Amino acid sequence: KLTVTTLSGEGAVAQVDASPDMTVSELLATDEEASAAVASNPEILRQALLSMPEQLAALRQQNPQLADAVSDPDRFAQLVRTAQSERSRAAQERARLMAANPYDPRVQQEIQSLIQQQNIDSSMETALEHMPEAFAPVNMLYIDVKVNGHPVKAFVDSGAQMTIMSLPCAQRCNVERLIDKRWAGIARGVGTQTIVGRIHLGQLQIGGDYLACNFSVLRDQSMDLLLGLDMLKRHQCLLDLKSNKLVIGTTGTVAPFLSEADLPEDARASGGGSGGEGGKPITQESIDAVVAGGPDGTTADDAREALMHALGEVDAAIAFLVAKQSERSGQ
Numbered sequence: 018k019l020t021v022t023t024l025s026g027e028g029a030v031a032q033v034d035a036s037p038d039m040t041v042s043e044l045l046a047t048d049e050e051a052s053a054a055v056a057s058n059p060e061i062l063r064q065a066l067l068s069m070p071e072q073l074a075a076l077r078q079q080n081p082q083l084a085d086a087v088s089d090p091d092r093f094a095q096l097v098r099t100a101q102s103e104r105s106r107a108a109q110e111r112a113r114l115m116a117a118n119p120y121d122p123r124v125q126q127e128i129q130s131l132i133q134q135q136n137i138d139s140s141m142e143t144a145l146e147h148m149p150e151a152f153a154p155v156n157m158l159y160i161d162v163k164v165n166g167h168p169v170k171a172f173v174d175s176g177a178q179m180t181i182m183s184l185p186c187a188q189r190c191n192v193e194r195l196i197d198k199r200w201a202g203i204a205r206g207v208g209t210q211t212i213v214g215r216i217h218l219g220q221l222q223i224g225g226d227y228l229a230c231n232f233s234v235l236r237d238q239s240m241d242l243l244l245g246l247d248m249l250k251r252h253q254c255l256l257d258l259k260s261n262k263l264v265i266g267t268t269g270t271v272a273p274f275l276s277e278a279d280l281p282e283d284a285r286a287s288g289g290g291s292g293g294e295g296g297k298p299i300t301q302e303s304i305d306a307v308v309a310g311g312p313d314g315t316t317a318d319d320a321r322e323a324l325m326h327a328l329g330e331v332d333a334a335i336a337f338l339v340a341k342q343s344e345r346s347g348q
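To convert, take the position in the sequence shown, counting from 1, and add 17; that gives the working numbering.
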């Protein structure tokens, strides 16, 4: 837990104990004296988060808006005080409803929600104590390969049906001329992307081995190269997570998975915000851009959902929302 100690106006010491992945409102949902102390001086909490990268990374996953504001004292203080004000108003409304009619269905529903939240908090505290690693960000699996002699960092994804290459990567590796555009189409999965075509036979080098591989080339793919199940099964690959390596079954070659320092910038677990696997991070700026460019009535929640579908790509997220609205209009 993160303990923040501060002095109240009368010189008394107040402490706030916070689990590393609590939201702003939960950080302030402590005893009244400590809550007021943090709300009156959010700088103490901000400095504590800056000094503890693990807590800041966890907070970034659950409340990216607050985490992004850590570098801006004024913005951070505004968010903390707004959250405290909202909690106070909600608590006053609950107290009013319960005093007026404790058997009102709305009051009973609120009590049920509070009990459920307490059970969730208890479960989270147990998990933090006995399996804290579950709250740490996990690096995706990348290996160093070469395509047509050009070095590429390849994402290993046994959940992908086919091996995928981005069009810019194909251009850098001088294999764009091999793309058969008769295989153009639409890739559907987490969102939709345009398939430019297919490279039927390419040379993939892993270690000292040269493996024959085909690639589906996508126009807007954020990753350079994704090794899918077709390639992994063809070469009988083994994902050895205990030893942190990929074993090529047909040749016995071993390729170590890359450490975080060697990953592409947008694939590092410590990157800001949450996003799709291997996609761009979802930031407040990207959410605002989707809200501004999306159909009328687009909310921040709509924008976040669309960005997750589009792997963090703003244009693709806007297109997703427009298509979704068109489907509703056609019903």
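Built from N, CA and C at the ideal position, the CB exists for glycine as well. No experiment lies behind these values; they were computed from the predicted model shown.
task: Report, in whole angstroms, the separation of the C-beta atoms of Ile181 and Leu235, which I expect to be a contact under 8 Å.
output: Within the sequence shown, residue 181 is the residue found at index 164, counting from 1. Within the sequence shown, residue 235 is the residue found at index 218, counting from 1. Contact holds; Cβ gap of about 6 Å.
Worksheet item: Where does Lys198 fall in DSSP's three states?
Response: Within the sequence shown, the letter at position 181 stands for residue 198. If DSSP states are grouped into helix, strand and coil, Lys198 belongs with the helices.
Check your understanding: In the structure shown, what three-state DSSP assignment does Gln134 receive?
Key -> On the sequence shown, residue 134 is found 117 positions in, with the first residue counted as 1. Correct three-state label for Gln134: helix.
Beta-carbon separation of Lys262 and Pro273 under 8 Å? Here residue 262 corresponds to residue number 245 of the sequence shown, with the count starting at 1. Here residue 273 corresponds to residue number 256 of the sequence shown, with the count starting at 1. Cβ atoms of Lys262 and Pro273: closer than 8 Å.
Span separating the alpha-carbon of Lys170 from that of Ala306:
As a first step, residue 170 is located in the sequence shown; it is residue number 153 there, counting from the start. As a first step, residue 306 is located in the sequence shown; it is residue number 289 there, counting from the start. One C-alpha to the other measures close to 30 Å.
Review point. In whole angstroms, what separates the C-alpha of Gln134 from that of Lys250?
Key: Here residue 134 is taken as the residue at index 117 of the sequence shown, counted from 1. Here residue 250 is taken as the residue at index 233 of the sequence shown, counted from 1. Each residue's alpha carbon lies about 44 Å from the other.
Quick check for students: name the residue ranges of the beta strand (DSSP E) that lie wholly in the region 209 to 259, counting only runs of 3 or more.
226 to 235, 242 to 244 and 255 to 257
**OP:** Can you give me the Cβ contacts of Gln253 inside the same chain, cut-off strictly under 6 Å, excluding the 5 residues immediately before and after it?
**Re:** Taking the first residue of the sequence shown as 1, we reach residue 253 at position 236. Excluding positions up to five away in sequence, the list reads Gly266 and Thr267.
Taking Ile223 and Val162 to be in contact with their CB atoms under 8 Å, please state how far apart those CB atoms are, rounded to whole angstroms.
Residue mapping note: residue 223 aligns to position 206 of the sequence shown, counting from 1. Residue mapping note: residue 162 aligns to position 145 of the sequence shown, counting from 1. Going by Cβ atoms, the distance from Ile223 to Val162 rounds to 5 Å, so yes, they are a contact pair.
* Compare the Cα-Cα distances from Arg4 to each of Met148, Gln125, Glu193 and Cys190 and report the closest residue. => In the structure as shown, the chain begins at 18 and stops at 348. Residue 4 is therefore absent and cannot be evaluated.
*Rounded to whole angstroms, how far is the Cβ of Val192 from the Cβ of Asn156, which I believe are closer than 8 Å?*
For the purposes of this step, residue 192 is identified with residue 175 of the sequence shown, where counting begins at 1. For the purposes of this step, residue 156 is identified with residue 139 of the sequence shown, where counting begins at 1. Not a contact, Cβ separation roughly 28 Å.
(Q) Using beta carbons (cut-off 8 Å, strictly below), is Pro281 in contact with chain D? (A) No chain D is part of this structure, which consists of one protein chain only.
query = Where Ser179 and Gln64 are concerned, what is the direct C-alpha to C-alpha distance, given to the nearest angstrom?
reply = Taking the sequence shown and counting its residues from 1, one reaches residue 179 at position 162. Taking the sequence shown and counting its residues from 1, one reaches residue 64 at position 47. The sequence given here has Met at residue 179, not Ser. So the alpha carbons of these two residues sit roughly 46 Å apart.
Exercise. Mark Gln109 as exposed unless 16 or more other C-beta atoms lie within 10 angstroms of its C-beta, in which case mark it buried.
Key: Reading the sequence shown from its first residue, position 92 is the one you call residue 109. Gln109 is exposed by the Cβ-count criterion.
Where do the ends of the alpha helix (DSSP H) carrying Asp81 lie?
As a working note, residue 81 is residue 64 in the sequence shown. What sits at residue 81 in the sequence shown is Pro, not Asp. Per DSSP, Pro81 belongs to the alpha helix (DSSP H) from Pro81 to Asp85.
Item to check | C-alpha distance - Glu142 paired with Ala151, whole-angstrom precision | outcome: Within the sequence shown, residue 142 is the residue found at index 125, counting from 1. Within the sequence shown, residue 151 is the residue found at index 134, counting from 1. Each residue's Cα considered, the two are about 12 Å apart.
Between which residues of its own chain and Asp237 is the CB-CB distance below 7 Å, once the five residues before and five after are set aside? What you label residue 237 is simply residue 220 of the sequence shown in a count that begins at 1. So the qualifying residues of the chain are Gln210, Thr211, Glu330 and Ala333.
Does the distance from the C-beta atom of Val97 to that of Leu66 stay below 8 Å?
-> Counting from one through the sequence shown, the residue named residue 97 turns up at place 80. Counting from one through the sequence shown, the residue named residue 66 turns up at place 49. Result no, Cβ atoms of Val97 and Leu66 do not sit closer than 8 Å.
* **C-alpha gap between Ala100 and Ala107, whole angstroms** => Within the sequence shown, numbered from 1, the residue matching residue 100 stands at position 83. Within the sequence shown, numbered from 1, the residue matching residue 107 stands at position 90. Near 11 Å, if we compare the C-alpha coordinates of Ala107 and Ala100.
Review point. Helix, strand or coil for Leu324 per DSSP?
Key: Mapped onto the sequence shown, residue 324 falls at position 307. Reduced to three states, the DSSP call for Leu324 is helix.
Can you tell me which of the three DSSP states Met182 falls into?
-> Residue numbering aside, residue 182 sits at position 165 when the sequence shown is read from its first letter. Three-state DSSP puts Met182 in a strand.
Worksheet item: From which residue to which residue does the beta strand (DSSP E) around Ala309 run?
Response: Locating residue 309 in the sequence shown gives position 292, where the first residue counts as 1. Taken as a continuous stretch (DSSP letters only), Ala309 belongs to no beta strand (DSSP E), being part of the alpha helix (DSSP H) at Gln301 to Gly310.
To the nearest angstrom, how far is the alpha carbon of Ala317 from that of Arg104? For the purposes of this step, residue 317 is taken as residue 300 along the sequence shown, with counting starting at 1. For the purposes of this step, residue 104 is taken as residue 87 along the sequence shown, with counting starting at 1. Their Cα atoms are separated by approximately 21 Å.
| query | Smallest Cα separation from Arg189: which of Asn231, Trp200 and Leu242? | reply | Taking the first residue of the sequence shown as position 1, residue 189 is located at position 172. Checked all of Asn231, Trp200 and Leu242; the closest Cα to Arg189 is Leu242.
Worksheet item: Looking at C-alpha atoms only, which residue of Asp247, Pro312, Ala309 and Pro90 is the closest neighbour of Val173?
Response: Position 156 of the sequence shown, counting from 1, holds the residue named residue 173. Comparing Cα-Cα distances from Val173 to each of Asp247, Pro312, Ala309 and Pro90, the minimum goes to Asp247.
- Task: Output the distance between the C-alpha atoms of Ile61 and Val271, rounded to the nearest integer angstrom.
- Result: Translated into positions along the sequence shown, residue 61 becomes position 44. Translated into positions along the sequence shown, residue 271 becomes position 254. Between Ile61 and Val271, the C-alpha separation is close to 49 Å.
**Prompt:** From what residue to what residue does the beta strand (DSSP E) around Leu263 run?
**Reply:** Working through the sequence shown from its first residue, we reach residue 263 at position 246. Note, Leu263: beta strand (DSSP E), Lys262 to Val264.
| How many whole angstroms separate the CB atoms of Met325 and Ile304, which I take to be in contact at a CB cut-off of 8 Å? | Stepping through the sequence shown from its first residue, residue 325 is reached at position 308. Stepping through the sequence shown from its first residue, residue 304 is reached at position 287. Not quite, the Cβ-Cβ distance comes to about 11 Å (not below 8 Å), so this is no contact.
> What's the C-alpha gap between Gly310 and Ala187?
Replying inline: Taking the first residue of the sequence shown as 1, we reach residue 310 at position 293. Taking the first residue of the sequence shown as 1, we reach residue 187 at position 170. In a straight line, the C-alpha of Gly310 is about 30 Å away from that of Ala187.
Considering only DSSP beta bridges, list what Ala272 is partnered with. Along the sequence shown, one-based indexing puts residue 272 at 255. Its beta-bridge partners are Leu263.
**Asked** Any idea what DSSP makes of Asp121, helix, strand or coil?
**Response** Position 104 of the sequence shown holds residue 121. Asp121 falls in the coil class under three-state DSSP.
So what's Asp313 in DSSP terms, helix, strand or just coil?
What you label residue 313 is simply residue 296 of the sequence shown in a count that begins at 1. In this structure, Asp313 counts as coil in the three-state DSSP scheme.
Considering only their Cβ atoms, is the gap separating Ser233 from Arg215 smaller than 8 Å?
One-based indexing of the sequence shown puts residue 215 at position 198. One-based indexing of the sequence shown puts residue 233 at position 216. Cβ atoms of Arg215 and Ser233: closer than 8 Å.
Rounded to whole angstroms, what is the Cα-Cα separation between His147 and Asp319?
Within the sequence shown, the letter at position 130 stands for residue 147. Within the sequence shown, the letter at position 302 stands for residue 319. Those two C-alpha atoms are separated by around 35 Å.
Which same chain residues, not among the five before or five after Leu221, have their C-beta less than 7 Å away from its C-beta?
Position 204 of the sequence shown, counted from the first residue, corresponds to residue 221. Within the same chain, Leu221 has close Cβ partners Val162, Val164, Leu228 and Cys230.
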